[in-house]
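Below: one structure, written as structure tokens.
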Amino acid sequence: MIISTHTTDACSPHLSSLPPELLNEIFSTCSLTGDWHIPLTLSKVCRLWRELIFSSSCIWQTIVILESRRTISSIRAQAELWVARSSPLPFNVVLKMSEFERLLPIMSCFFPHIARWMRCTITYDGRSFETSLSDLTLLSPRRILHHLDILLKAPFEDLAGEDKDHNVFFSCGSATYRHISMKVVTTKLPHAEMVNPLLFTSLDITETPYEYSTRSPDLLRFLAHCPNLEHLYFHGIANDEGTLDAPPPAVALPRLHTLLLDEICNQRSILSHLYLPALRELHLRHINVDFELEPYHVPEEGDSDDESHDFSQSPHSDFHTGMGLRKLLSRSRPPLEILDMDLSDMRTKDFRWVFDKLPDLKQFSIVGSDMSDSVVALFAPIAHGDEDAEKQKRVRLPKLSVLRMYSCQQFSGDALVEALSARVQYTDRATPDATLATVVISNCNKFTAGHIQELSWHLDDRLHVS
Numbered sequence: 001m002i003i004s005t006h007t008t009d010a011c012s013p014h015l016s017s018l019p020p021e022l023l024n025e026i027f028s029t030c031s032l033t034g035d036w037h038i039p040l041t042l043s044k045v046c047r048l049w050r051e052l053i054f055s056s057s058c059i060w061q062t063i064v065i066l067e068s069r070r071t072i073s074s075i076r077a078q079a080e081l082w083v084a085r086s087s088p089l090p091f092n093v094v095l096k097m098s099e100f101e102r103l104l105p106i107m108s109c110f111f112p113h114i115a116r117w118m119r120c121t122i123t124y125d126g127r128s129f130e131t132s133l134s135d136l137t138l139l140s141p142r143r144i145l146h147h148l149d150i151l152l153k154a155p156f157e158d159l160a161g162e163d164k165d166h167n168v169f170f171s172c173g174s175a176t177y178r179h180i181s182m183k184v185v186t187t188k189l190p191h192a193e194m195v196n197p198l199l200f201t202s203l204d205i206t207e208t209p210y211e212y213s214t215r216s217p218d219l220l221r222f223l224a225h226c227p228n229l230e231h232l233y234f235h236g237i238a239n240d241e242g243t244l245d246a247p248p249p250a251v252a253l254p255r256l257h258t259l260l261l262d263e264i265c266n267q268r269s270i271l272s273h274l275y276l277p278a279l280r281e282l283h284l285r286h287i288n289v290d291f292e293l294e295p296y297h298v299p300e301e302g303d304s305d306d307e308s309h310d311f312s313q314s315p316h317s318d319f320h321t322g323m324g325l326r327k328l329l330s331r332s333r334p335p336l337e338i339l340d341m342d343l344s345d346m347r348t349k350d351f352r353w354v355f356d357k358l359p360d361l362k363q364f365s366i367v368g369s370d371m372s373d374s375v376v377a378l379f380a381p382i383a384h385g386d387e388d389a390e391k392q393k394r395v396r397l398p399k400l401s402v403l404r405m406y407s408c409q410q411f412s413g414d415a416l417v418e419a420l421s422a423r424v425q426y427t428d429r430a431t432p433d434a435t436l437a438t439v440v441i442s443n444c445n446k447f448t449a450g451h452i453q454e455l456s457w458h459l460d461d462r463l464h465v466s
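When we follow the UniProt record's numbering, the leftmost residue of the sequence shown carries the number 1, and every step to the right adds one.
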């Protein structure tokens, strides 16, 4: 059947005599076939059809997105029109993809209406996979966007047939609140095409081969589209991004309280350009490298050499980690309570600066550090002022209750015993509600049996050694 798109005031008598319910069924069926703009085309036939199509929500319930050669703004406009016309009914989305990298920007057009989104069908490269969001949420009255998992790699590249890149949606939660989560495979973060905010509260980005690593400006621009994040995990591949041509954008994540950076070399650029006023947990893992890193794009206060000249196996990464932390703490002033540094080190001057800026820190854990006696001494009380020395003492990290040190081979047992003994002798009396409650020393070779016995006099069962 050939349908003219010329609008007239009246249709054929035979068509106009059909009941509206039957026309609705016909139009709904037509919307499932052919081009994505079928409802708009049909609405141009005559006034009767136009009025019927624009007043019938069921005709707009299936949203067919033909992605090839279309701009994201065009797709967004279609999505907004179809979602509005189909209200208050649920809707289904059919995506016919030619570039899988555009999946997330297209999906973002429908996230604001997640409560009405029932089914999603994705077709790409001869594959077709379907997800029922209503089955995932078990008819829960509320759906919440929770976790977004991004894997930077070529989609469907597992020739063994074990690739699970088609598992885009998954869920968890209670019968009342179901959390909708996504796993997206892409070769790059699609910040340039993002038109809607991603309202997930948790984000995990994992790099794979070197050709699919992401530079810090691209990461930060993408994060700017994630304003609701509370948890952020970035797993890299220790690829030096070189010297940047221009400063990356500064990004505010006002709700973020947990940040993990793992195996990256651009920690300074990332930390220096995040505003995280609610940050409570910071985990830095496998950031130490023994090769030289490219210099930062601008000089900053603190860039000078460390006056202590303490030994380090990773001087360049120590420098960038410390400078990144300085900028993050200066910009954000967060109520940080947990600092976890696993094979992630700093210069002595940076430890001193950072410890002075963390009045709320309760737990500090460090693994494989080259920290010297000078750093260990920072745990001891320090005197200030000219009056009674005892009254004028203070401690860095005044709320520290848990200290864990693993495989730290440079500091001496004598220095650790002296610093921690002096600390607990002071805090047990002056601030008994904010004193060390747990101290773990593991595989630190210069901390001997004699040191264990000596420190046990002061810590008793608070000391755990292995």
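We put the beta carbon where it would ideally sit given N, CA and C, even for glycine. All of these numbers come straight from a predicted model, not from anything done at the bench.
query	result
Cβ distance (whole Å) where serine 86 is taken to contact serine 57 below 8 Å	5 Å
Boundaries (first-last residue) of the alpha helix (DSSP H) holding methionine 107	103 to 107
Own chain residues within Cβ distance below 7 Å of leucine 23, not counting five before or after	Leu52
Proximity below 8 Å, CB of leucine 219 to CB of arginine 285	no
N-terminal and C-terminal residue of the alpha helix (DSSP H) that methionine 323 is part of	315 to 332
Beta-bridge pairing of alanine 252 - partner residues as DSSP gives them	Tyr275
DSSP three-state assignment for asparagine 92, whether helix, strand or coil	strand
CA nearest to the CA of valine 439, picked from Gln409, Gln363 and Tyr426	Gln363
Opening and closing residue of the alpha helix (DSSP H) in which residue 471 lies	Given a span of 1 to 466 for the chain in the structure shown, any question on residue 471 remains unanswerable.
Simplified DSSP state of aspartate 370, which is helix, strand or coil	coil
At least 3 beta-carbon pairs within less than 8 Å: the region 227 to 239 vs the region 204 to 216	yes
Phenylalanine 411 and lysine 357 closer than 8 Å at C-beta	no
Bridge partners - methionine 118, DSSP secondary structure assignment	Answer is none; methionine 118 lacks a bridge partner.
Where cysteine 58 sits in the DSSP three-state scheme	helix
CA nearest to the CA of arginine 347, picked from Leu339, Ser308 and Thr62	Ser308
Residue burial classification, asparagine 266 (beta-carbon count within 10 angstroms, cutoff 16)	buried
Rounded Cβ spacing between residue 483 and isoleucine 180 (contact assumed at less than 8 Å)	This structure gives no information on residue 483, because the portion of the chain shown stretches from 1 to 466.
Beta-carbon spacing of tyrosine 426, valine 367 below 8 Å	no
Helix, strand or coil at histidine 235 [DSSP, three-state]	strand
Same chain, Cβ closer than 7 Å to serine 73, five either side skipped, listed in chain order	Val195
Cβ-based neighbour list, aspartate 428, same chain, cut-off 6 Å, excluding 5 preceding and 5 following	Thr435
Beta-carbon proximity check, aspartate 350 vs glycine 322, cutoff 8 Å	yes
DSSP three-state assignment for alanine 422, whether helix, strand or coil	helix
Sequence-distant residues of the same chain with beta carbon closer than 6 Å to leucine 32, five excluded per side	Thr62
Buried or exposed (CB count within 10 angstroms, at least 16 for buried), alanine 77	exposed
Cβ contact check for the region 83 to 102 and the region 118 to 132: 3 or more pairs under 8 Å	yes
Cβ pair lysine 393, isoleucine 382 closer than 8 Å	yes
Candidates Leu361, Val395 and Ile452: closest to alanine 377 by CA position	Val395
Pick from Ala380, Pro335, Asp340 and Glu300 that is closest to aspartate 360, judged by C-alpha positions	Pro335
Burial state of valine 298 (16 or more Cβ within 10 Å)	exposed
Coil, strand or helix - histidine 179 by DSSP	strand
Nearest-angstrom beta carbon gap, leucine 229 and leucine 256 [assumed within contact, 8 Å]	5 Å
Three-state secondary structure (DSSP) of cysteine 30	helix
Sequence-distant residues of its chain with Cβ nearer than 6 Å to proline 90 (five each side left out)	Arg116 and Met118
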